[in-house]
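Protein chains in written order, with the working numbering: chain A, 1 to 113; chain B, 114 to 226. Where a beta carbon is used, it is the ideal one built from N, C-alpha and C, also for glycine. Treat the numbers as computed from the prediction; the structure is a model and nothing was measured. Here is the structure we will look at, set down as structure tokens.
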Amino acid sequence: GNSVTQMEGPVTLSEEAFLTINCTYTATGYPSLFWYVQYPGEGLQLLLKATKADDKGSNKGFEATYRKETTSFHLEKGSVQVSDSAVYFCALARMKAGNMLTFGGGTRLMVKP
Amino acid sequence: NAGVTQTPKFQVLKTGQSMTLQCAQDMNHEYMSWYRQDPGMGLRLIHYSVGAGITDQGEVPNGYNVSRSTTEDFPLRLLSAAPSQTSVYFCASSLAAYQETQYFGPGTRLLVL
Chain A
1 GNSVTQMEGP
11 VTLSEEAFLT
21 INCTYTATGY
31 PSLFWYVQYP
41 GEGLQLLLKA
51 TKADDKGSNK
61 GFEATYRKET
71 TSFHLEKGSV
81 QVSDSAVYFC
91 ALARMKAGNM
101 LTFGGGTRLM
111 VKP
Chain B
114 NAGVTQTPKF
124 QVLKTGQSMT
134 LQCAQDMNHE
144 YMSWYRQDPG
154 MGLRLIHYSV
164 GAGITDQGEV
174 PNGYNVSRST
184 TEDFPLRLLS
194 AAPSQTSVYF
204 CASSLAAYQE
214 TQYFGPGTRL
224 LVL
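Here you go:
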């Protein structure tokens, strides 16, 4: 079946540090890949997505590249801010179930001033 | 345009009670779904719908019931609440095809005693 594995947190960084959150997936066919972010007390918001191999999704300084050869979609940001503190979820979309998502367990990021 | 709305925000139930979590969207989206979020497990799909009158089970459907009589509304019913159903519930919707972004509601926090 389809599954998503992401690094466990929490990840604690100082402001302006470099961020990487690892995400790998198992899926049949060619899934679309997503990063969602959840700020405290809120629902999930789409951060970025990629729909085919070698695509790079980017938004708000975050980037992730769809690597089919390594089945990975790692999230990176060159310089994090305190406002980036949130929980980040990697997910894939399954064609068989319409547009339904399979999520990783989430990674909590804490950025200290 | 309110997006995806959910009510109530918070609910406490006793074991065995029933209740309905409401979800509505005003974006004319065909796809709607319910997820539950538990610590360290990401979000898991409960039920989903690809259009009015059509519903199907997700990963964890037991103890939940859904119907989709209109495009806008997708209520989730707990038939006989159990402590294992203590969770945060998110409703989501998307326009169509699997590459499309899903939009999440703010969530309902449910506590079953």
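Let me know the secondary structure DSSP gives Q81 of chain A once reduced to three states.
coil
Examine chain A for any beta-carbon lying closer than 8 Å to the beta-carbon of Y161 of chain B, and answer yes or no.
yes
Beta-carbon proximity list for A27 of chain A, same chain, < 6 Å, skipping 5 on both sides
N2, L92
Under 8 Å by Cβ, that's how I've got S197 of chain B and H142 of chain B pegged, so tell me the actual separation to the nearest angstrom.
The pair is not a contact, with the Cβ atoms about 30 Å apart (cut-off 8 Å).
Does F203 of chain B have its Cβ less than 8 Å from a Cβ in chain A?
Taking Cβ atoms only, chain A reaches closer than 8 Å to F203 of chain B, which makes this a yes.
Would you be able to state if there are at least three C-beta pairs under 8 Å between the region 19-38 of chain A and the region 99-110 of chain A?
yes
On the criterion of 16 or more Cβ atoms from any shown chain inside 10 Å, does F18 of chain A qualify as buried, or is it exposed?
exposed
Expected contact under 8 Å - CB spacing of V111 of chain A and V82 of chain A to nearest Å
5 Å
According to the Cβ coordinates, are L75 of chain A and A64 of chain A closer than 8 Å?
Cβ atoms of L75 of chain A and A64 of chain A: closer than 8 Å.
Keeping to the same chain, check which residues put their C-beta closer than 6 Å to that of G106 of chain A; ignore five residues upstream and five downstream.
V87, F89
Cross-chain neighbours of P219 of chain B in chain A, by beta carbon under 9 Å
G41, E42, G43
N-terminal and C-terminal residue of the beta strand (DSSP E) that G164 of chain B is part of
156-164
Skipping 5 residues on each side, what residues in its chain have a beta carbon closer than 7 Å to that of S200 of chain B?
R149, Q150, D151, L223
With DSSP collapsed to three states, give me the class of S197 of chain B.
helix
Check whether chain D comes within 8 Å of F89 of chain A, counting only Cβ atoms and requiring the distance to be less than that.
The structure shown has no chain D; the protein chains it does contain are A and B.
Quick check on L46 of chain A - is its C-beta less than 8 Å from some C-beta in chain B?
yes
Members of the region 137-158 of chain B near chain A, C-beta cut-off 7 Å:
Y144, S146, G153, M154, G155, L156, L158
Answer yes or no: does any C-beta atom of chain B fall closer than 8 Å to that of G57 of chain A?
no
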